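Asks: So the protein sequences, as listed, match chains W and S. Everything in the first sequence is counted per the numbering used here, starting at 2 for the first residue and increasing by one. Everything in the second sequence is counted per the numbering used here, starting at 2 for the first residue and increasing by one. Cβ atoms here follow ideal geometry from the backbone N, Cα and C, with glycine treated the same way. Quick caveat, the model's predicted, so the values are computed rather than measured.
There are 2 protein chains.
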Amino acid sequence: MTNDLFFDEFIAKDFIRQASIQSHRIGFYNLPDQDTTRILDFAKSKDVELIAVIGIGGSSLGAEAIYNFLNSKNHYARKLIFFDSTDPISIQNKINLIKKDRTIFLIISKSGTTVESISILKYLDQLFNFNRENLIVITDKNSPLEKFGETRNLEIFHIPDNVGGRYSVLTAVGLLPLALVGVNINSLLQGAKNLKNSFFSGNYDQIIQKAIYYVKYYNIYSLNCLFSYSESLRGFNSWYVQLWGESLGKRQLSSALKIGFTPIGLIGPTDQHSFLQLIMEGRTDKTVTVIKIKDFENNLTVPENRFKNLESLDMLNNIKFADLINMQCDSTIKALESVNLPLDVIELESISEESIGGLIYYYELLTALVAMQLNINAYDQPGVELGKKILKNKMSKN
Amino acid sequence: MTNDLFFDEFIAKDFIRQASIQSHRIGFYNLPDQDTTRILDFAKSKDVELIAVIGIGGSSLGAEAIYNFLNSKNHYARKLIFFDSTDPISIQNKINLIKKDRTIFLIISKSGTTVESISILKYLDQLFNFNRENLIVITDKNSPLEKFGETRNLEIFHIPDNVGGRYSVLTAVGLLPLALVGVNINSLLQGAKNLKNSFFSGNYDQIIQKAIYYVKYYNIYSLNCLFSYSESLRGFNSWYVQLWGESLGKRQLSSALKIGFTPIGLIGPTDQHSFLQLIMEGRTDKTVTVIKIKDFENNLTVPENRFKNLESLDMLNNIKFADLINMQCDSTIKALESVNLPLDVIELESISEESIGGLIYYYELLTALVAMQLNINAYDQPGVELGKKILKNKMSKN
């Protein structure tokens, strides 16, 4: 994975030291080094066609991002779906995909009391009689959900205490459903580990440069667009939006000032025909990070097909679509350079476990570094509690 | 469709007069009044299983929004897919869905020279030997694509000159694929017409209040979040992002100043676990519009299912999911009210053609009114031309 920056900033070595100190307390840093034996053994023991995750937010977005990315190319025989909304029509449509004896369910909730997930669990329990064979629990140690799982004698996987939901994709939360599908989770972790090692050995200081730049120009550029040039990265964009928005949109610890960066997920070339106009000619309040895939490993090619009256587009003939999308990407980069927005490019080698593992770790690190400089807690989400409280009041009056 | 506003603004009747004057020049205003006979007759004459649109941006987002919304509930026998990217893997995956003799293709391009769409057309022509039976053209009068269509003796539908791509969903661009699927396009237009008539007769001045408010507080609230409480509105969010971002992100006609509002599409309850934290505790630079569906026409209910150790969530028992998602929506509204953000609620009656037709017209009107006050041209997109020019240079050197 390469990452070329088109803006200059000085580098501060002590960022690495700060991150290193924080890594003793914050769990995501060390997830690449975990032992995956239990997860792999468990996945091997299961013969299923469909893996259905009951989870929302941090309990679903990470696995969905990685699955969508890899499945676009690999077409796994086992499919992964997510019950991630209380929308009744969406629930019903997903139930229609389930073959009772060929499906394993994973209920994932860090707190163990997520309203959306438990309400769906209750409904599905009626249909599928959950038991040790078809339901797995992933939750915090000692959560009410764990205790419920114990009364049903279910297999339970824990989320480490010091790993927040939106940083949990490289725990059992993401690894177990992905391993069940057939994703090589050790390669995924290896990708993250490569990034981690590069960063901590001082060989990947682009992350630090970006973090410093974002914070320094916080008052000018408060929106951060991620322009991903592949449909396969749509899920990754959503994961990024949660990570960035929920971690950095927060009151400053010292001042209680409301601050935050706004994440925007875009897909090229589709959003060249949508959001790009706003970036080019709207307010200059946005940074742009372009993600491109170096090798799509795909030879689909525009044929030597001459269309009468469309000769002006004969220049498309014999171009591989993989080259065309990357030419479009490069053209967008050039156009963005011309309007002087802070711009950087991340290039992934290919659609592989290593690539996405590295990308995930890159963004977790970047988030952590920005939060440290802004003096905010990147690992809580106090702003969503009020809505939950209001809902519980409404329900108890029901 | 009701729309309750939680912020106050004065009302200016002459907005209606301005819009009325503009409607002689700008085509979208009068689309609800069109004659759909040719489209309906044509759709009736076709017996297919799959409708495949080759189109990007304004040529796909509108039909996709309406199809996703209605199909979530109606499960049409005929499916609609979109070739809307040059991503080779995405193209290949869509080709795998096609049954050769049961599919009709629509090539949609306003200019008739859209690189993405023509390159895909060339590729698919090799596989499916396009002819009058399996390919329809929708384009501007006298475009190169129309002339190509004539040489192949294809059926051609026109996009009115005075309707821009992102305002074209209620022309053949949206109506033809939707009619082929089985959507009642007259009801769709009726929904738009109801909104239009209410507005021009002075009975729907919330749109004016909102437009005035947005422009007045432009320097404070430059981001506009659309928080849609139904998975079925995901496509609508993308349509909104294009409409709002591409229409309003622009240089001011008088000053050449770069201005613009940033659209954000969110889905509840999923994004309560993601973006909501940023709205609640991040910068106060956002307005929020919540869309809720009054009647999901669905009785899925959390059963009387007591889970040991999860008794605290027994309050979920016997609640319909349709009520639960709307309680979550109302709780989010209450929480947002407490932080004093400009907030308004749009309530759709149900998942129906009338509802989505009205909603589309609502947003087109709102966009037009905001643009008039900002003194910008809502109907062009000059900012995307540079990237296109760079791409053509790259290709001709290839």
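Skipping 5 residues on each side, what residues in its chain have a beta carbon closer than 8 Å to that of A193 of chain W?
Replies: Excluding residues within five positions, the ones whose Cβ falls inside 8 Å are L32, P33, L171, G358, G359, I361, Y362.
Asks: Please work out which residues of its chain come closer than 6 Å, Cβ to Cβ, to L325 of chain W, disregarding the five sequence neighbours upstream and downstream, and give them in chain order.
Replies: There are no such residues.
Asks: Pull up the CB-CB distance for E348 of chain W and L71 of chain W, whole angstroms please, since I reckon it's below 8 Å.
Replies: Contact doesn't hold; Cβ gap of about 18 Å is too wide.
Asks: Quick check on H274 of chain W: buried or exposed, where buried means 16 or more other Cβ atoms within 10 Å of its Cβ?
Replies: Classification of H274 of chain W: buried, given that the 10 Å Cβ count is 16 or more.
Asks: Do we get a CB-CB distance below 7 Å when we pair T87 of chain W with the residues of chain S?
Replies: Taking Cβ atoms only, chain S reaches closer than 7 Å to T87 of chain W, which makes this a yes.
Asks: Which residue or residues does DSSP assign as beta-bridge partners of E348 of chain S?
Replies: Looking at the DSSP assignment, E348 of chain S forms a beta bridge with S:T3, S:K293.
Asks: At which residue ranges does the segment 40-92 of chain S contain complete beta strand (DSSP E) runs of 3 or more residues, listed in the order of the chain?
Replies: Runs found: 51-55, 80-84.
Asks: With 16 other CB atoms within 10 Å as the buried threshold, where does F11 of chain W fall?
Replies: In this prediction, F11 of chain W scores a pLDDT of 47, lower than 50, which makes its location untrustworthy; the coordinate-derived value is nonetheless stated afterwards. F11 of chain W should be labelled exposed.
Asks: For D141 of chain S, write down the residues that DSSP places opposite it in a beta bridge.
Replies: Answer is S:I160, bridged to D141 of chain S.
Asks: Starting from F322 of chain S, find everything on chain W with Cβ-Cβ shorter than 8 Å and list it in chain order.
Replies: Simply T87, D88, P89, I92, S120, Y124.
Asks: Would you identify the three-state DSSP class for E10 of chain W, choosing helix, strand or coil?
Replies: Residue placement at E10 of chain W is flagged as unreliable, the pLDDT there being 44, under the threshold of 50; the coordinate-derived value follows with that caveat. Three-state DSSP puts E10 of chain W in coil, outside helix and strand.
Asks: Please go through the same chain and pick out, in chain order, the residues whose beta-carbon is closer than 7 Å to the beta-carbon of Q191 of chain W, but skip the five residues on each side of it.
Replies: Same-chain partners within the cutoff: E355, G358.
Asks: How should A66 of chain S be labelled, buried or exposed, when 16 other C-beta atoms within 10 angstroms of its C-beta is the threshold for buried?
Replies: So A66 of chain S ends up on the buried side.
Asks: Less than 7 Å between CB atoms is the rule here; does K309 of chain S satisfy it with respect to chain W?
Replies: Yes, because at least one Cβ of chain W sits closer than 7 Å to the Cβ of K309 of chain S.
Asks: In chain S, which residues lie with their C-beta within 8 Å of the C-beta of T333 of chain W?
Replies: Going along chain S in sequence order, the residues near T333 of chain W (Cβ under 8 Å) are G388.
Asks: What are the boundary residues of the alpha helix (DSSP H) that includes S229 of chain W?
Replies: First-last for S229 of chain W: 224-229, but that is the beta strand (DSSP E), not the alpha helix (DSSP H).
Asks: Give the residues from the segment 286-320 of chain S that approach chain W closer than 7 Å (Cβ to any Cβ), ordered along the chain.
Replies: Against chain W - using a Cβ distance shorter than 7 Å - the residues of the segment 286-320 of chain S are F297, N299, L301, V303, P304, N306, F308, K309, N310, L311, S313, L314, M316, L317, I320.
Asks: Of all Cβ atoms in chain W, is any one closer than 7 Å to the Cβ of H159 of chain S?
Replies: So, not an interface residue.
Asks: Return the residue from the list S:M316, S:L277, S:L367 that minimises the CA-CA distance to G388 of chain W.
Replies: Among S:M316, S:L277, S:L367, the Cα nearest to that of G388 of chain W belongs to S:L277.
Asks: How many Å lie between F16 of chain W and H25 of chain W at the Cα?
Replies: Answer to the nearest angstrom: the Cα atoms are 15 Å apart.
Asks: Taking only beta-carbon atoms, is V402 of chain W less than 7 Å away from chain S?
Replies: Look at the range of chain W in this structure, 2 to 399, and you will see that residue 402 of chain W is not part of it.
Asks: In angstroms, rounded to a whole number, what distance separates the CA positions of I268 of chain W and S397 of chain W?
Replies: Those two C-alpha atoms are separated by around 42 Å.
Asks: Using a threshold of 7 Å, state whether the C-beta atoms of L56 of chain S and S118 of chain S are closer than that.
Replies: It is worth fixing the name first, because residue 56 of chain S is Gly in this sequence and not Leu. Yes, the Cβ-Cβ distance between G56 of chain S and S118 of chain S is below 7 Å.
Asks: Under the three-state reduction of DSSP, which class applies to S110 of chain S: helix, strand or coil?
Replies: Looking at S110 of chain S - three-state DSSP - the assignment turns out to be strand.
Asks: Between which two residues does the beta strand (DSSP E) carrying P264 of chain W extend?
Replies: P264 of chain W -> beta strand (DSSP E) spans 263-268.
Asks: When you compare only the Cα positions, how much space is there between K287 of chain W and R18 of chain W?
Replies: If you take the alpha carbons of K287 of chain W and R18 of chain W, they lie about 29 Å apart.
Asks: Compile a chain-ordered list of the residues in the segment 227-261 of chain W whose CB is closer than 7 Å to at least one CB of chain S.
Replies: So the list reads S231, E232, S233, V242, Q243, G246, E247, G250, K251, R252, K259, I260, G261, given in the order they occur along the chain.
Asks: Taking the alpha carbon of L62 of chain S as the point to measure from, which residue in S:L224, S:S169, S:D126 has its own alpha carbon closest?
Replies: With distances taken between Cα atoms, L62 of chain S lies closest to S:S169.
Asks: Quick check: is the beta carbon of S275 of chain S nearer than 7 Å to any beta carbon in chain W?
Replies: So yes, S275 of chain S belongs to the interface.
Asks: Can you give me, in chain order, the residues of the segment 159-181 of chain W that have a beta carbon less than 7 Å from any beta carbon in chain S?
Replies: Under the 7 Å Cβ criterion, the segment 159-181 of chain W contributes no residue.
Asks: Taking just the CA atoms, how far does F297 of chain S sit from V385 of chain W?
Replies: Approximately 25 Å, taken between the alpha carbons.
Asks: By Cβ distance, which residues of its chain are closer than 6 Å to A44 of chain W, with the 5 residues on each side in sequence left out?
Replies: Contacts found: A180, L181.
Asks: If contacts are defined as beta-carbon pairs under 8 Å, then V175 of chain W and A64 of chain W qualify, I think. What distance do you get, rounded to the angstrom?
Replies: Contrary to the premise, residue 175 of chain W reads as Gly rather than Val in this sequence. Right, the Cβ-Cβ distance comes to about 4 Å (below 8 Å), so this counts as a contact.
Asks: For W245 of chain W and F262 of chain W, which I take to be in contact (beta-carbon distance under 8 Å), what is that distance rounded to the nearest angstrom?
Replies: About 6 Å separates the two Cβ atoms, so the contact holds.
Asks: How big is the Cα-Cα spacing for D9 of chain W and L344 of chain W?
Replies: Low per-residue confidence applies at D9 of chain W: pLDDT is 43, beneath 50, and the placement is therefore not dependable, though the value from the model is reported in the following sentence. In a straight line, the C-alpha of D9 of chain W is about 10 Å away from that of L344 of chain W.
Asks: Strictly below 7 Å CB to CB, what residues from chain W border R79 of chain S?
Replies: Correct list: empty, because the minimum Cβ distance to chain W is about 17 Å.
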